[in-house]
Amino acid sequence: MRFSAIYKNTLSEKTRKILNYGDIIVFFIILVFKLITYGKEISPEYFDSSVITPIIASVLIIFSFSFLFKGKKRTAYLLIIDLIISLILISDIAYFRYNKDIITVSAVQTAKLLVGVKSSVADVLSIKDFMFLLDIIILVPTFIYVKSINKNTIKLKFRLVLFLAVFIFGAALDAQQFHKVNVEQPTLLTAMSNRIYLTKMIGNLNFHVVDAYNFTSTKVKNSKKLPEARKNAINNYLKNNNSIPGVKFKSEGSGKNLIMIQVEALQGFVVNKSINGKEITPNLNKWINKSLYFDNYFYQVAQGNTSDAEFMSLNSLYPAQSGAAYYTYAGNTFNSIPKDLGDKGYYTAALHGYNEGFWNRNVMYKSEKFDDFYGQTSYKNDEVVGMGLSDESFLNQSLAKMKTFKQPYFSFLITLSSHYPFNDTAGYEKYTMNKLDVGEYKDTLLGNYFEGIHYTDEQLGKFLDKLDKEGLTKNSIIVLYGDHFAIPKENINQLYSFEGIKDPTDLTWYEYQKVPMFIHFPDDEHKGVNHTYSGQMDIYPTIANLYNISNNYMFGEDILNVKDGDSTNVTFRNGSFTDGKIFYVSWTNTYYDIATGKKIKETPELNKKKEAATTELEYSDDLLNHNLIKTFLK
Numbered sequence: 124m125r126f127s128a129i130y131k132n133t134l135s136e137k138t139r140k141i142l143n144y145g146d147i148i149v150f151f152i153i154l155v156f157k158l159i160t161y162g163k164e165i166s167p168e169y170f171d172s173s174v175i176t177p178i179i180a181s182v183l184i185i186f187s188f189s190f191l192f193k194g195k196k197r198t199a200y201l202l203i204i205d206l207i208i209s210l211i212l213i214s215d216i217a218y219f220r221y222n223k224d225i226i227t228v229s230a231v232q233t234a235k236l237l238v239g240v241k242s243s244v245a246d247v248l249s250i251k252d253f254m255f256l257l258d259i260i261i262l263v264p265t266f267i268y269v270k271s272i273n274k275n276t277i278k279l280k281f282r283l284v285l286f287l288a289v290f291i292f293g294a295a296l297d298a299q300q301f302h303k304v305n306v307e308q309p310t311l312l313t314a315m316s317n318r319i320y321l322t323k324m325i326g327n328l329n330f331h332v333v334d335a336y337n338f339t340s341t342k343v344k345n346s347k348k349l350p351e352a353r354k355n356a357i358n359n360y361l362k363n364n365n366s367i368p369g370v371k372f373k374s375e376g377s378g379k380n381l382i383m384i385q386v387e388a389l390q391g392f393v394v395n396k397s398i399n400g401k402e403i404t405p406n407l408n409k410w411i412n413k414s415l416y417f418d419n420y421f422y423q424v425a426q427g428n429t430s431d432a433e434f435m436s437l438n439s440l441y442p443a444q445s446g447a448a449y450y451t452y453a454g455n456t457f458n459s460i461p462k463d464l465g466d467k468g469y470y471t472a473a474l475h476g477y478n479e480g481f482w483n484r485n486v487m488y489k490s491e492k493f494d495d496f497y498g499q500t501s502y503k504n505d506e507v508v509g510m511g512l513s514d515e516s517f518l519n520q521s522l523a524k525m526k527t528f529k530q531p532y533f534s535f536l537i538t539l540s541s542h543y544p545f546n547d548t549a550g551y552e553k554y555t556m557n558k559l560d561v562g563e564y565k566d567t568l569l570g571n572y573f574e575g576i577h578y579t580d581e582q583l584g585k586f587l588d589k590l591d592k593e594g595l596t597k598n599s600i601i602v603l604y605g606d607h608f609a610i611p612k613e614n615i616n617q618l619y620s621f622e623g624i625k626d627p628t629d630l631t632w633y634e635y636q637k638v639p640m641f642i643h644f645p646d647d648e649h650k651g652v653n654h655t656y657s658g659q660m661d662i663y664p665t666i667a668n669l670y671n672i673s674n675n676y677m678f679g680e681d682i683l684n685v686k687d688g689d690s691t692n693v694t695f696r697n698g699s700f701t702d703g704k705i706f707y708v709s710w711t712n713t714y715y716d717i718a719t720g721k722k723i724k725e726t727p728e729l730n731k732k733k734e735a736a737t738t739e740l741e742y743s744d745d746l747l748n749h750n751l752i753k754t755f756l757k
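Read in order, the letters of the sequence shown correspond to residues 124 to 757 in the numbering used here.
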């Protein structure tokens, strides 16, 4: 009897010791579950069970610190950490749905922009996303229960031993995975050119730690001088890239106006496409047939979206590694289109009917040397469609302004009405003369987009026809292109269904990330279709040739002077690239043969191309981070 009582008491004591850490155990299980759920949510087709190891490792490291606290302090630590991580996961999911990327510290700097696109944010959030906060209902009573059954305190020495043991074990697990990533792709952890793939390999928490470290180290590094050898390497690379002057179309634009139109969310799949017997973009189709059209032209934007499209098109420099270049590098010196045409005596103006401070345009346009920026306060807000001033009113008022400009001029126009989530269907219908019946796609994101871009197409048609009627096309070159995607990956199956696509691959997805781009010459000269694979980085080099501009600081290529059968090297900010024959998808580290659509194995030559793409991105980053154009121009 006495032995039984002793055994019972001993068992109770062990149970109490285990339950003393019950809150930590429950926290660990819940957090691992949430992180795995997050991984499956953002990219179910790419979720790999190997990520569970770094997920567990990162959680072990986080909760190891809880051993340093006791009582209420430990409870507060665990609850605060859980809340912070839950909010990060919700933000990451919303950001991924819209941008198909992972949010970074730099991207958070542009968070105030969410005020202007609140409908977009609301549209990508789902009620189920807030399940990441429900575990607090479990954690709070667990903490209360643990506290009630065991009020004994454990000595600091033992808690320190637990902290070190768990921390070191978690760090060791993490180190193995980090080493694996570093061997497979040596620059990935520092360049972070492929954020989705990196998250898949090391888990969400580790990704954000690496991002924060890189952000901080970059700030510190940028405060130091770049080695002269590195500067010379970048300078020589750019000089070689821009050393061969174009022969075809040389100086055809000299003395002529340049009118560039960046169209919000205009994607290539709507061109020459009909629904219920009616063309979605009849006006663009008409002008494409009168122009030189590029049907393999990609957007290359990153976290800066629309502003990145502007930045690349005006400067032929890659977007910021994180965040938006329009914020990060607004104080830099640029050899931009407005700067170089301004040096040739052109009047240069940017026109956009939205808030001047959005995307920091009011600051950035000064750095890019526009003579004037006509923003929201320069327009009469007499008709609203979508986010703001309607495209019809914007284009009409812009044309009136352009007619007063001293020639030759460079006008850069940015439309707005076809902005995601395309939910102003009442406005689209009210102000569209030639209505579009989207049938079964009514009230779907794709159907709303068709209505929105159909409305914008009609306004662009009117604007271009007026330019023609006013005689402005006789002495102007017009460049029109789409800025970025319209249909987020979250809704891509709607598009695949419309297109009749079955068994899509990553190559399929990329092929649907093309945007229209055409160059219209006076008297409809040079009309036709150019099949060269190219992107937004290539607009400025092409214009530089047309307007006889000498610029040594462009990473893109002149599309009009690519050798027959070749293409430009189109590199994306995430590390993916194509040369027109193969397509490398960075987030799965996979190569495709474009002609067959089949996956192909990596060869030394392909690996060399992959490294070259990474090098070019790093050169662009260094050039921007250290304001090297200013240095090179001295």
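Backbone N, C-alpha and C define an ideal beta-carbon position, used for all residues, glycine too.
Where residue i and residue j are concerned, what is the direct C-alpha to C-alpha distance, given to the nearest angstrom?
i, j, result
"H649", "S414", "7 Å"
"F479", "F496", "It is Glu, not Phe, that sits at residue 479 in the sequence shown. So the two alpha carbons sit approximately 8 Å from each other."
"W710", "G468", "45 Å"
"N668", "S374", "6 Å"
"I758", "G446", "As displayed, the chain neither begins before 124 nor continues past 757, which places residue 758 out of reach and without an answer."
"Q444", "D744", "7 Å"
"I398", "I260", "49 Å"
"S209", "F255", "5 Å"
"S513", "L536", "13 Å"
"Y742", "T313", "13 Å"
"V708", "R696", "12 Å"
"S214", "A230", "11 Å"
"M525", "S534", "8 Å"
"L328", "L158", "8 Å"
"D297", "F290", "11 Å"
"L746", "N730", "24 Å"
"T718", "F156", "The sequence given here has Ala at residue 718, not Thr. Near 42 Å, if we compare the C-alpha coordinates of F156 and A718."
"T701", "L630", "10 Å"
"G623", "L183", "46 Å"
"L595", "G562", "39 Å"
"F517", "Y502", "7 Å"
"E552", "F573", "11 Å"
"Y578", "N546", "13 Å"
"K354", "G162", "40 Å"
"A609", "G575", "10 Å"
"F253", "L212", "10 Å"
"I705", "P727", "14 Å"
"R318", "H331", "10 Å"
"I148", "L201", "11 Å"
"F481", "V263", "42 Å"
Compare the Cα-Cα distances from residue i to each of the options and report the closest residue.
i, options, result
"A735", "Q308, I204 and L212", "Q308"
"I153", "L349, S439, E634 and I204", "I204"
"A217", "P611, L746, L747 and M640", "P611"
"N598", "S673, S377 and T631", "S377"
"D689", "N653, Y670, Y336 and M510", "N653"
"Y416", "K637, L746 and Y670", "K637"
"D324", "T339, N337, V343 and V304", "Residue 324 is actually Met in this sequence, not Asp. When each option's Cα is compared against that of M324, the closest is V304."
"K379", "F641, Y532, F192 and T631", "Y532"
"K196", "I600, D146 and Y551", "D146"
"N712", "K704, D702 and I723", "I723"
"L474", "I384, A718 and E725", "I384"
"G400", "L559, V247 and E433", "L559"
"E634", "F192, S189 and F421", "F421"
"S521", "F586, F190 and E680", "F586"
"T160", "V284, I175 and T737", "I175"
"I619", "L279, N359, G476 and V393", "Note on identity: in this sequence residue 619 is Tyr, with Ile being the wrong assignment. For the residues L279, N359, G476 and V393, the minimum Cα distance to Y619 belongs to V393."
"S493", "V685, A288, L464 and D505", "Looking at the sequence itself, residue 493 is Phe, so the reference to Ser does not match. F493 has its Cα closest to that of L464, out of V685, A288, L464 and D505."
"S173", "I672, L321 and L206", "L321"
Between residue i and residue j, which are expected to be in contact by the criterion C-beta below 8 Å, what is the C-beta distance as a whole number of angstroms?
i, j, result
"G326", "I178", "4 Å"
"G605", "Q390", "6 Å"
"G369", "L590", "At roughly 26 Å, the Cβ-Cβ gap does not stay under 8 Å, so G369 and L590 are not in contact."
"I403", "Y663", "Rounded, the Cβ-Cβ distance is 29 Å, inconsistent with contact."
"N458", "Y676", "5 Å"
Write down every uninterrupted run of the alpha helix (DSSP H) in the segment 614-665 whose length is 4 residues or greater and which is fully enclosed by it, in chain order. If we require 4 residues or more, the alpha helix (DSSP H) runs fully inside the segment 614-665 come out as 615-622 and 629-634.
Taking only runs of the alpha helix (DSSP H) that begin and end inside the segment 561-592, which ones reach a length of at least 4 residues, in chain order? Counting whole runs of 4 or more residues, the segment 561-592 contains the alpha helix (DSSP H) stretches 568-592.
For a minimum of 4 consecutive residues, which ranges assigned as the alpha helix (DSSP H) are wholly contained in the segment 317-370? Correct list: 318-325, 327-345 and 351-364.
So, do the segment 330-350 and the segment 549-568 have three or more beta carbon pairs nearer to each other than 8 Å? Fewer than three Cβ pairs drawn from the segment 330-350 and the segment 549-568 lie within less than 8 Å of each other, which leaves the two stretches out of contact.
Scan the segment 383-418 and note each continuous alpha helix (DSSP H) run of 4 residues or more that stays entirely inside, going in chain order. Fully enclosed alpha helix (DSSP H) runs of 4 or longer: 405-411.
Using 8 Å as the threshold, is the segment 640-649 in touch with the segment 334-342, meaning 3 or more CB pairs across them? Not touching, per the Cβ criterion.
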